[in-house]
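Trainee:
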Amino acid sequence: MLYKNTTNFSFNAFLNESRCNSSSGSCSPVQTCPGTVVHLAYISVIWVIGVLGNILLLYVDYKEWKKSKTPDKLLILNLAITNVAALLVSLPLHAVLVANYQDYLKCAGSLFQYRSARFFLICLFNFVSLGTLLVIGIDRYQALIKFAHQRTLDLKRSIFAICLVWLCSITVVVVFIVTWPNQCTDFYSSRLEDRNTDNYYPMRITIISIWITVCCTVTGRSLLMAASRIRKQQQKIKTMFGPVQAAAQISFTKGVIGLLLCYVVLWIPYG
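Under the working numbering, the first residue of the sequence shown carries the number 14, and numbering increases by one thereafter.
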């Protein structure tokens, strides 16, 4: 019992500290909320690196696209545009919530709408990014084992694949919007029924988990197979495509693998 009381006291002390010792629940993030400052600084770093990196990727990819219009360049173009949009829209919304976190937890003002908008936009852009990476991963592996005319994707099919990814992503997000709770839940409320008014929460988590698992599994497996083929059968690839084209395909595949790792490093901590 003593341990329980001590634990409750410690938790309440932590909760009061997280409220920045303010009776109104709001605080000055810069002066009294060091955790908030760190969080906002992290978001700012991710935002700057992500936006600049994706704009640079767009520039390089567009220059290569003008030289030769290939499916993989179109897919990367879509990926970069999607991520720039995600960073420009979702991270600022996230920063607003972090800066006003105490009011957000208490459902004050319009922050519930910010939370809803952020959730929908993050889901949409991340679904599109993951779906595009899935298609890129499959195409990269095929690029090492088949000639260009034998690959599943050509320019028209890559456009169709991009449209399909967007359509599926928008459809899922529309389902999320339709099933989204109309009222905000007070996270500080002690009543259990106030915390379980969102009956569709398990459904959304399940859909998101399935989407992430399928896309990451297929993408990861495809790129691992591509990396394995590069490592074990590099001479065969050179014989098949010629030294120049083989070097280009191998270099591009390594670049895609590096790009995927960058997205993991940037997005996983934020998620």
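Where a beta carbon is used, it is the ideal one built from N, C-alpha and C, also for glycine.
Jot down the residue ranges of each uninterrupted alpha helix (DSSP H) in the region 226 to 254, minimum 4 residues, whole runs only, in chain order.
Mentor: 247 to 254
Trainee: Do Lys80 and Leu168 count as a contact pair if the criterion is CB distance below 8 angstroms?
Mentor: no
Trainee: For Thr232, tell me which candidate among Leu274, Pro215, Gln247, Ile218 has the shortest Cα-Cα distance.
Mentor: Considering only alpha carbons, the answer is Leu274.
Trainee: Let me know the secondary structure DSSP gives Lys82 once reduced to three states.
Mentor: coil
Trainee: Give the secondary structure of Arg217 by DSSP, where H, G and I count as helix, E and B as strand, and everything else as coil.
Mentor: helix
Trainee: For Asn96, I'd like the list of residues in its chain whose CB is within less than 8 angstroms of its CB, leaving aside the five on either flank, ordered along the chain.
Mentor: If we look at Asn96 and ignore the five residues flanking it on each side, its Cβ neighbours are Gly63, Asn67, Phe138, Ser142, Tyr276.
Trainee: Which word fits Arg234, buried or exposed, when buried means at least 16 other C-beta atoms lie within 10 angstroms of its C-beta?
Mentor: Per the 10 Å Cβ criterion, exposed.
Trainee: Relative to the alpha-carbon of Lys159, which residue among Phe132, Val58, Ile221, Lys249 has its alpha-carbon at the smallest distance?
Mentor: Lys249
Trainee: Using a Cβ-Cβ cut-off of 6 angstroms (strictly less than) and excluding sequence neighbours within five positions of Phe265, which residues of its own chain qualify?
Mentor: none
Trainee: Have a look at Trp13 and Val51 and give me their C-alpha separation to the nearest angstrom.
Mentor: Nothing about residue 13 can be read from this structure; the chain reaches only from 14 to 284.
Trainee: Would you tell me roughly how many angstroms separate the C-alpha atoms of Ile263 and Leu180, rounded to the nearest one?
Mentor: 31 angstroms
Trainee: Measure the alpha-carbon distance for Leu110 versus Ile243 and round it to whole angstroms.
Mentor: 45 angstroms
Trainee: Since Leu100 contacts Cys228 with CB under 8 angstroms, what's their CB separation in whole angstroms?
Mentor: Taking a contact as a CB-CB distance under 8 angstroms, the pair Leu100 and Cys228 does not count as one, their CB atoms being some 19 angstroms apart.
Trainee: Thinking C-beta only, is Ile89 closer than 8 angstroms to Asp74?
Mentor: Less than 8 angstroms separates the beta-carbon of Asp74 from that of Ile89.
Trainee: Rank Cys136, Val269, Arg128, Pro84 by C-alpha distance to the C-alpha of Val301 and give the top, closest one.
Mentor: Residue 301 lies beyond the residue range present for the chain, which begins at 14 and ends at 284; the question has no answer from this structure.
Trainee: So what's Asp12 in DSSP terms, helix, strand or just coil?
Mentor: Limits of the chain in this structure are 14 at one end and 284 at the other, which puts residue 12 out of reach.
Trainee: Could you tell me the alpha carbon to alpha carbon distance between Ser341 and Arg131, rounded to whole angstroms?
Mentor: Residue 341 is absent from the model: the chain starts at 14 and stops at 284.
Trainee: Alpha carbon to alpha carbon, how far is Leu236 from Ile94? Give it in angstroms, no decimals.
Mentor: 22 angstroms
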